[in-house]
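In full-length UniProt numbering, the protein residues as written are 1 to 294. This report concerns only the one structure given below.
Next up, the structure:
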């Protein structure tokens with residue numbers, strides 16, 4: 001018998017229990033997720049926030065079984081509200097396009113669960129099937145494309161790895177008259193220290209960015225950036241490598257350990273997306289309504 005669709009379950013995380021000596025699922029989860037206190041797991045079980053593979057709440061003393069599939073709900077106690085507002089630009093049967101403001105994560109991560117673009121859109125549209133087709137950094141503002149339909153999702157997901165979608169960004173950074181424009185910057189990007197920062201190393205290129213100058217305003221220029229590849233922090237690292245880190249960047253070229261300053265957002269905007277719709281063949285174009293101020 002097919003289990004009825006449960007919207008809440010679609011927002012849950014999933015784990016398959018690993019091999020081990022545990023007597024019950026509580027002991028296994030406590031040992032597997034050492035950063036979550038036993039009391040917190042007991043509270044989740046008591047509130048029906050741990051489900052079996054069929055989406056039914058289970059008890060903490062449920063017998064452990066290797067490979068058992070469980071759904072659980074990530075929670076952040078006293079999660080702080082991010083005082084910014086997203087805007088929905090387009091909704092149809094297959095796609096949702098939203099303008100993400102600076103500082104708002106796209107998906108749950110770390111200290112953010114409910115205060116993410118995905119969770120906000122699920123609540124606003126009542127569609128638990130929403131899945132982001134790509135990501136932009138929490139510090140970056142602009143367009144994010146979501147799949148709204150499970151049946152057509154794979155067709156749109158293929159646009160990105162197959163490079164059949166044109167992504168254009170704008171950034172404000174110091175003037176770099178030493179370069180000829182338009183220019184192409186290629187390098188090999190790998191994770192560095194701390195783990196969330198990327199850096200360039202010797203080796204075969206795995207990232208490519210095209211850059212041009214859109215506007216000049218004294219010592220600051222507005223750049224047009226087109227990433228051919230989609231490495232983490234690619235545009236931020238490439239701009240720093242060229243000689244001008246993007247204005248207000250807390251990670252590049254140097255790591256700045258400061259709390260979010262909503263008056264000084266990263267001057268990077270995912271400005272437009274253009275692609276041929278894989279279902280209809282029509283050219284789709286979306287442009288952000290957000291602006292980067294000098």
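Glycine included, every Cβ here is placed at the ideal spot set by N, Cα and C.
- One thing to note: residue 12 has its Cβ within 8 Å of the Cβ of residue 72.
- Rounded to the nearest angstrom, the Cβ distance from residue 133 to residue 147 is 6 Å, consistent with a contact under 8 Å.
- Of the other Cβ atoms in all chains shown, fewer than 16 fall within 10 Å of the Cβ of residue 194; this residue is therefore exposed.
- Here residue 200 has 187, 188, 189, 237 and 241 as same chain residues with Cβ atoms under 7 Å from its own Cβ, once five neighbours each way along the sequence are excluded.
- Fully enclosed alpha helix (DSSP H) runs of no fewer than 4 residues occupy 117 to 125 of the region 66 to 145, in order along the chain.
- Contact annotation: residue 82 and residue 103 have beta-carbon atoms nearer than 8 Å.
- The bridge partners DSSP lists for residue 185 are 209.
- As the crow flies, the alpha-carbon of residue 278 is around 43 Å from that of residue 36.
- With a cut-off of 8 Å on Cβ pairs, the region 134 to 144 is not in contact with the region 208 to 227, counting fewer than three such pairs.
- Residue environment for residue 170: buried (at least 16 other C-beta atoms within 10 angstroms of its C-beta).
- Taken in chain order, the whole beta strand (DSSP E) runs of length 3 or more contained in the region 225 to 264 number zero.
- Remark: C-beta atoms of residue 239 and residue 230 do not approach each other more closely than 8 Å.
- When the beta-carbon positions are compared, residue 120 and residue 86 come within less than 8 Å of each other.
- Remark: C-beta atoms of residue 178 and residue 209 do not approach each other more closely than 8 Å.
- Between the region 90 to 99 and the region 28 to 44 there are fewer than three inter-stretch CB-CB distances shorter than 8 Å, so the stretches are not counted as touching.
- By alpha-carbon distance to residue 15, the top candidate from 274, 183, 58 and 68 is 68.
- Relative to the Cα of residue 75, the nearest Cα in the group 110, 57 and 99 belongs to 110.
- With a threshold of 16 other beta carbon atoms within 10 Å, residue 184 falls short and is exposed.
- Distances from the alpha-carbon of residue 160 to those of 131, 228, 266 and 247 put 228 closest.
- The beta carbon of residue 19 sits closer than 7 Å to the beta carbons of 66 from its chain, once the five residues preceding and following it are set aside; these are given in chain order.
- Straight across, the Cα-Cα distance linking residue 60 with residue 49 is about 11 Å.
- Residue 165 holds the alpha-carbon nearest to the alpha-carbon of residue 281 among 165, 57, 137 and 101.
- Classified as exposed, residue 33 has fewer than 16 neighbouring CB atoms from the shown chains inside 10 Å of its CB.
- Here residue 259 is exposed. Its C-beta has fewer than 16 other C-beta atoms within 10 Å.
- Sixteen is the threshold: when 16 or more other Cβ atoms of the shown chains lie within 10 Å of the Cβ of residue 168, as they do, the residue is buried.
- The secondary-structure analysis by DSSP pairs residue 198 across a beta bridge with 191.
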